[in-house]
Amino acid sequence: MAEMTDREFLSAMLGRINEIGADVKVIKDRVDSMDRRMGNIEDRMGKLEDRMGKLEDRMGKLEDRMGNLEDRMGKIEDTVQDIKQVQIQQSEQIAGIAVTMMEHAASIRTLKLVK
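Each residue of the sequence shown is one higher than the last, beginning at 66 in my numbering.
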């Protein structure tokens, strides 16, 4: 009878071990699934980091271009100021010539009146 009890006990233990084994397999399958998902997430994160790096590079190039544009605008503003200054000088020269011509014409008339 003691042998039967041992056999029953061993049978119950083997049954329980089989149940535990099945539970462990389910857990393992879930962990494997989670590992695959984590791998996919890591891949996506890597791609996102690459895209962010490229975007940062493009932003840097854009900043450089904006800096160059600002430099060019400064040069254009300087050129416009130079042109304005030349126009003012030319206007003053033209006005001076006109005054001289008017004075010359007046002096010619004066000479004609004197004769």
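Cβ coordinates follow ideal geometry from the N, Cα and C atoms, glycine included. The structure presented is a predicted model; accordingly, all values stated were derived computationally and were not measured.
Going by C-alpha positions, G118 is about 10 Å away from M124. A direct Cα-Cα distance of roughly 16 Å separates Q146 from D136.
Fully contained in the segment 144 to 173 is no alpha helix (DSSP H) run of length 4 or more.
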